[in-house]
Amino acid sequence: RVDASEVGVALRAGREALERRYGSALGLRGDARGLTLHAPALREAQIDVAEARSLLAAAVSAVGADWIESVHTWDQLRAVAREDLAADGIAVLEAASFDEERAPDVSLVPRRNVLVAMASGTSHGTPHAYDRHVPLVFLGPGFEPGTSAEPVRTVDVVPTLLDRLGLPLPPGLDGRVLGTPPGPSGDD
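Heads up, the sequence shown is in our numbering, so the first residue is 396 and it goes up one at a time.
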């Protein structure tokens with residue numbers, strides 16, 4: 396477990412870098428997921444958002460916090476999500492849950508088995524395998540007892556349930572009926 400004060404170290408490094416470059420910290424705030432700039436302050440100061448994000452990412456990376464595995468800007472994750480940019484595995488996984496409206500300007504990905512700013516309990520917010528694994532259980536008519544190690548995706552639940560209920564699958568529905576072979580690319 397890493398105390399929230401460690402996020403504060405990254406936040407201070409970001410604020411100092413912004414103040415050196417722009418004369419202001421630009422309303423920067425942070426949490427365990429990342430650092431977020433205050434958009435109105437950027438617009439008012441006519442600062443290039445991508446430049447400010449890159450500056451922040453470099454400042455946080457320079458801190459060398461041992462709890463951080465990788466640092467990604469909003470722009471990098473957006474490009475990876477749109478398949479415009481080749482990236483390493485962690486960036487690809489992080490981009491898979493990228494939301495343009497909610498993502499921080501700079502994402503902080505903790506190392507494996509590190510919980511940030513949580514005194515107790517756990518979270519499921521990292522791209523690491525243990526946070527992506529979703530147990531799936533079907534019980535009832537239409538399902539044979541047993542277990543399977545078949546790789547599945549959460550989008551496979553609805554087509555499988557519709558199939559077992561004898562209902563038609565809507566055209567273009569994501570996912571596949573479990574128990575049938577995947578399509579040629581492994582997806583449908």
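Virtual Cβ for every residue (Gly too), placed ideally from N, Cα, C.
Rounded to whole angstroms, Ala453 and Glu539 show a C-alpha spacing of 53 Å.
For Ile485, the uninterrupted alpha helix (DSSP H) run begins and ends at 484-490, by DSSP.
Beyond the five residues adjoining it in sequence on each side, Pro563 comes within less than 8 Å, by CB distance, of Leu557 in the same chain, given in chain order. Here DSSP, grouped into helix, strand and coil, assigns Arg497 to coil. Between Gly537 and Val550, the C-beta spacing is not below 7 Å. Taking C-beta separations shorter than 8 Å and ignoring five residues to either side along the sequence, the partners of Val466 in its chain run Ala452, Val455, Ser456, Val501, Ser502, Leu503, Val504, following chain order. For the 7 Å CB-CB criterion, Leu510 and Arg396 form a contact. One alpha carbon belongs to Gly535, the other to Leu472, and they sit about 41 Å apart. The beta carbon of Arg507 sits closer than 7 Å to those of His523, all from its chain and outside the five residues before and after it, given in chain order. Annotated as proximal: Arg416 and Leu450, with beta-carbon spacing under 7 Å. In the structure shown, the three-state DSSP call for Val458 is helix. The three-state secondary structure of Arg424, taken from DSSP, is strand.
Boundaries of the beta strand (DSSP E) harbouring Val466: 463-468, taken from the DSSP string. Take the alpha-carbon of Ala490 and the one of Gly541: they are about 34 Å apart. Only residues of its own chain outside the window of five on either side were considered, and among them Gly570 have a CB closer than 7 Å to the CB of Arg548, listed in chain order. Excluding residues up to 5 positions away in sequence, Pro499, Ser502, Leu503, Gly520 lie with their Cβ nearer than 8 Å to the Cβ of Arg428 in the same chain. Rounded to the nearest whole angstrom, the CA to CA distance from His433 to Leu423 is 6 Å.
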